[in-house]
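Going by the UniProt record's numbering, the first residue of the sequence shown is number 1, and it counts up by one from there. Don't be surprised by glycine CBs; every beta carbon is placed ideally from N, CA and C. Each remark here refers to the structure printed beneath this line.
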Amino acid sequence: MNSTLRSVIIFILMAIASCGPKNEGNDSGRGLSEREMTEDFEVFEKIYKRANAGLYKYRSASEIDSAFLSAKRKIGGTTSYRDFYNLIWDAIDFTGSCHNGLTYPDSLERLLNGQKIFFPVPLKRIEDKLYTSSDYQGMPAGSEVLSVNAVPADDFAASISKYTSTDGFNTTGKYAGIGSDWLPYFVYLAFGEQDEFRIKYMDKGTGGIGEKRVEPIAYSGFYKVYKKRVSKSFEERNKGRYSYAFLDKLNAGLLRVSSFGMGGPSKEGHKKYAVFLDSVFNSLKTRKVGKLIVDIRGNGGGNDPNDLLLYSYLTRRKFRENISAHTIFQKVPFPEYYAYDDKKELFEELKEEHSLVNGVRYHQNSSFNKFWEPKENAFRGEVVMLVDPLVASAGSLFASLVKSDASATVIGEETLGGYYGHTGHIPVVYELPNSKLRLKFSIVDIEQDVRKLADQNIGAGVVPDIRVVQTYEDFMNNEDTQLNFAMERLKEF
1 MNSTLRSVII
11 FILMAIASCG
21 PKNEGNDSGR
31 GLSEREMTED
41 FEVFEKIYKR
51 ANAGLYKYRS
61 ASEIDSAFLS
71 AKRKIGGTTS
81 YRDFYNLIWD
91 AIDFTGSCHN
101 GLTYPDSLER
111 LLNGQKIFFP
121 VPLKRIEDKL
131 YTSSDYQGMP
141 AGSEVLSVNA
151 VPADDFAASI
161 SKYTSTDGFN
171 TTGKYAGIGS
181 DWLPYFVYLA
191 FGEQDEFRIK
201 YMDKGTGGIG
211 EKRVEPIAYS
221 GFYKVYKKRV
231 SKSFEERNKG
241 RYSYAFLDKL
251 NAGLLRVSSF
261 GMGGPSKEGH
271 KKYAVFLDSV
281 FNSLKTRKVG
291 KLIVDIRGNG
301 GGNDPNDLLL
311 YSYLTRRKFR
321 ENISAHTIFQ
331 KVPFPEYYAY
341 DDKKELFEEL
351 KEEHSLVNGV
361 RYHQNSSFNK
371 FWEPKENAFR
381 GEVVMLVDPL
391 VASAGSLFAS
401 LVKSDASATV
411 IGEETLGGYY
421 GHTGHIPVVY
431 ELPNSKLRLK
441 FSIVDIEQDV
451 RKLADQNIGA
461 GVVPDIRVVQ
471 TYEDFMNNED
481 TQLNFAMERL
491 KEF
């Protein structure tokens, strides 16, 4: 179950093909009337309230009702398609789930690549400041952005960050999304089509203040610039889903798992991963290695039970994936808007797995949530776990289990996936009747098998024991601030 950073974007191909702020005065929303947009919003609200078990996970019913009503009241005769998308997205994002998405089903590339409407300069947010991450038309990489079209950098970053969905109240994941190749779409969504972008910046080398006027470009042009960003080698350092190295000078192991997407128990990918893990931990035990770095940065999730399998090599306790998992339906509600043809299969799956009925809740039965025992060759030395804002879903579930044990030191930044739980397991997709926007969300409300900790508030991601962020200097030099800190830390043991 991966974080849905990309899922919120696809809708834009319809929005861009049909409208833009320069002509939004004549755009009533891809030919949609106020009545049709209101109808779509009401359908969206009904679906969310009837099918989304995690709707009230972080907000009360009155807060959700108020947010939905406020958004609906903003629909008017001049509401553009992009405006309408934002009204729905703001309501969705208020609910707080990293699996939320709002998409349009057609091909993004077919409609967008040739249109010169996109912000052209890759950006990165570091230590609460916004920087360029590529040279562009005389503006050096690493320049601090002070404003864009007179919008102060802090406000600009806040406006575009909201399109990355996160669990609860997390913001680190939202700001991390700015550094992705989806930045141009975020800017379009937030500000619409622009004649030009006036970027006021400070050259970090000279300290001088300048302003660069740049024209919008096609997405393909942005991506060419993005591929030349200064941080490329650092951000693409992990090849493959997992790897292991022995750090001879530290007598320590370095285990990287950047995804749990190896497939389920019957898949060949899972079987290879299981053999790999067993060989790693056998080697650690045979060589009497006393220190281990587990690096899960960038791990947006994947398949069960790959997260639990890794945890079984690190824990000393009997455990399970969750202490509670429920949905609020078995038979798909509002089937006329359901986008796929698996309604019968989904009903059968839910009837089997979520068979314990308690009022309006259908709880997971224990045969799908079995207890695990620690592996015989489980590691017993000092563990450091590295996390970052992109860790989500099964990735953050794993991180929460490790942190809950309090036997490892967690280093890095707060994850976008929740510590105490998330809404996941089974995704569904609905299509709104008039706009054809697609709602994507997961339907199982999960409470993870973790302890209550003083530094873990409801709605937070996995908070590191020691917060370490990449410095500006390390960003420019492609240095791994967090890993270097972890290796220095291990020297103390």
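Cβ separation of residue i and residue j, assumed to be a contact under 8 Å, to the nearest whole Å
i	j	result
N478	F234	4 Å
F334	I47	6 Å
F197	N251	The pair is not a contact, with the Cβ atoms about 52 Å apart (cut-off 8 Å).
P140	G54	Not quite, the Cβ-Cβ distance comes to about 44 Å (not below 8 Å), so this is no contact.
S133	P120	S133 to P120, Cβ: 12 Å. No contact.
E382	L453	Their Cβ separation, rounded to whole angstroms, is 20 Å, which puts E382 and L453 out of contact at 8 Å.
E42	N434	In fact, because the Cβ distance is near 11 Å, the residues do not count as touching under 8 Å.
T172	E414	5 Å
Where residue i sits in the DSSP three-state scheme
i	result
S147	strand
F485	helix
T97	Checking the sequence shown, residue 97 turns out to be Ser, not Thr. Three-state DSSP puts S97 in coil, outside helix and strand.
A53	coil
A399	helix
E373	coil
G221	helix
T172	helix
E34	helix
T78	coil
K491	coil
S28	The predicted model places S28 with a pLDDT of 37, which falls under 50 and marks its position as unreliable, so this point remains unresolved.
D480	coil
F119	coil
L189	helix
K436	coil
G226	First, the amino acid is wrong: residue 226 is Tyr here, not Gly. Looking at Y226 - three-state DSSP - the assignment turns out to be helix.
Y337	helix
K46	helix
P184	helix
Y430	strand
T286	helix
G179	helix
L102	strand
Y58	coil
Paired residues, beta bridge with residue i - DSSP
i	result
Y419	Answer by DSSP bridge pairing: none, since Y419 is not bridged.
H270	Bridge partners of H270: none, in fact.
R256	S243 and D295
A408	V383
A325	I446
A358	The sequence given here has Asn at residue 358, not Ala. According to DSSP, which records beta bridges pairwise, N358 is partnered with R361.
F319	W372
Alpha helix (DSSP H) segment containing residue i, residue limits
i	result
V384	From DSSP, V384 is part of no alpha helix (DSSP H) but of the beta strand (DSSP E) over E382 to V387.
E353	K343 to E353
L250	Segment: none, L250 is in no alpha helix (DSSP H) and carries neither H nor E.
N306	N306 to Y311
D154	A153 to S161
S233	K232 to E235
Residue interval of the beta strand (DSSP E) (run including residue i)
i	result
K331	No beta strand (DSSP E) contains K331, which DSSP labels as neither H nor E.
G459	Element bounds for G459: n/a, residue is neither H nor E.
R73	That residue, R73, is in no beta strand (DSSP E); its alpha helix (DSSP H) goes A61 to R73.
M476	Element bounds for M476: not the beta strand (DSSP E) but the alpha helix (DSSP H), Y472 to N477.
D465	Segment: none, D465 is in no beta strand (DSSP E) and carries neither H nor E.
L130	K129 to T132
E211	I209 to V214
I199	F197 to M202
N303	It is not in any beta strand (DSSP E) - N303 carries neither H nor E in the DSSP assignment.
Candidates the options, of which the one nearest residue i by Cα
i	options	result
E353	A339, D342, D341 and T327	T327
F44	G54, A91, Y81 and L32	A91
L255	D203, S266, P265 and K239	K239
V214	D341, I117, K249 and N303	I117
K318	F371, L292, K351 and E349	F371
S33	K249, R237 and G76	G76
L309	L55, D341 and G264	G264
T78	D341, I217, G253 and E36	E36
V145	D455, Q470, D203 and E345	D203
S259	G298, T286, K291 and D278	G298
P464	L401, G301 and Y219	L401
S66	D480, S80, Y136 and F94	F94
A158	H270, L183, L314 and M476	L183
G192	A460, Y223 and F156	F156
V410	V357, A394, F276 and R467	R467
Chain B contact for residue i (CB, 8 Å cutoff)
i	result
G31	Chain labels in this structure do not include chain B; a single protein chain is all it has.
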